[in-house]
Amino acid sequence: MRIGMNRLTGKDKNNRIHLLDIIRGILIIYVVYYHFMYDLNDILGHEIPYLYSDWFSTVRDCMSGSLIFISGISCNFSRSNLKRGVKTVAIALLLSVVTIAVMPSQTIIFGILHLLGTMMVIYGLCGYISGKKAVKREAFDKEKVYGRLIWMLVFLFMFVVCRDIYDGYIQLMYRRIPMPGFLYGGKNIFLYIMGFSQKLFSADYYPVIPWGFLFLSGAMGGYVLKSKKLPGFLYNNFCRPLAFIGRHTMIIYLAHQPVLFGVFMLIDKLF
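Structure representation (structure tokens):
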């Protein structure tokens, strides 16, 4: 039995929620798989018929959305979301520079890494503005739970309403409300980052609207997980390989594309 783990419950003394790591592990494996298929189809020219089908696009959005939601949850356990966000944004910008220099046709202007870093910074700044020290984890307070859950639902509702903002409208129940036309069709990078379609292209594109609302929904709902009296299975590390992968998602995310390209080049030379 690993040191620091309860023999009966499998619970770490530091109350780490291993289920989040395991889910992150599953999601990052999917990301690697998706980019493998994407590289074959869009870069190497081997057609993958289902890659842009409706059902697979739905799967992609669900998996990406889950990763964004869990990243929001994780903000509740970070010592400094502001510092973590700044580092993530810096890495994302470096990734943009590399794609522009190495493969301009696959330039990433504002991908999922840019989104996560930006939202971490926003969440961290909100912590400072509200008088909390972002360098310390906020203690769990039962009285705040209901308020956080309400905000979780509000942000989730905003995500659903703004889901089609890129296409020029928001969806309120069964009614489509068109957005002002001047927000669309230009070359304004800020509007593009916010979620309004422009004459720009990003190979990986996750704008602040609507995806930022999903991140904030996770950040609000994740507060409940700060309680140390949750069901034991949340703390149980029942799949160590996936948990390990889930703890190293950033490294895997940054390394997997160069590795895939290396594999493709090797296969091309051998066959």
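Under numbering that gives the first Met the number 0, the residues of the sequence shown are numbered 0 to 270, in order.
Where a beta carbon is used, it is the ideal one built from N, C-alpha and C, also for glycine.
Rounded to whole angstroms, the separation of the alpha carbons of Pro-179 and Gly-221 is 34 Å. Burial state of Asp-203 is buried, judged by a 10 Å Cβ sphere holding 16 or more other Cβ atoms. Segment contact: the region 96 to 114 against the region 144 to 164, fewer than three CB-CB distances shorter than 8 Å; contact not assigned. Considering only Leu-265, Val-262 and Leu-253, the residue with the shortest C-alpha distance to Val-30 is Leu-253. In the three-state reduction of the DSSP assignment, Pro-177 falls in the strand class. Runs of alpha helix (DSSP H) with 4 or more residues, each lying fully within the region 168 to 254, are found at 188 to 193, 207 to 220 and 239 to 246, listed in chain order.
Look at Phe-270 here: in three-state DSSP terms it is coil, with no helix or strand label. Considering only Ile-244, Ala-91, Ile-208 and Thr-87, the residue with the shortest C-alpha distance to Gly-123 is Thr-87. Under DSSP, the beta-bridge partners assigned to Phe-109 are Tyr-204.
Under the DSSP assignment, Asp-60 falls in the alpha helix (DSSP H) whose first and last residues are 53 to 73. Going by beta carbons, Asp-41 and Ala-242 fall outside the 7 Å limit. Closest option to Phe-154, judged by alpha-carbon separation, among Gly-211, Leu-199 and Asp-53: Gly-211. Judged by DSSP in its simplified three-state form, Tyr-49 adopts coil rather than helix or strand.
Taking the C-beta atoms as reference points, Leu-26 is found nearer than 7 Å to Met-62.
Rounded to whole angstroms, the Cβ separation of Arg-78 and Met-119 is 12 Å, and the two are not in contact under 8 Å.
Taking C-beta atoms as the reference points, Ile-164 and Ile-208 count as a pair closer than 7 Å. For Leu-92, the enclosing alpha helix (DSSP H) covers residues 80 to 101. A Cβ-Cβ separation of about 3 Å places Gly-71 in contact with Gly-217 under the 8 Å criterion. For Ile-149, the secondary structure class from DSSP, reduced to helix, strand or coil, is helix.
Note that the C-beta distance between Thr-248 and Arg-23 is below 7 Å.
Per DSSP, Arg-162 lies in no alpha helix (DSSP H) and is assigned neither H nor E. If you draw a 10 Å sphere on the C-beta of Phe-214, you find 16 or more other C-beta atoms in it, and that means buried.
If the five residues before and after Gln-256 are omitted, its C-beta is found closer than 7 Å to the C-beta atoms of His-34, all from its own chain and listed in chain order. In the three-state DSSP reduction, Gly-44 falls in the coil class, being neither helix nor strand. In the structure shown, Ser-77 falls within a coil segment according to DSSP collapsed to helix, strand and coil. Nearest C-alpha to Tyr-51 among Met-36, Leu-171 and Gly-64: Met-36.
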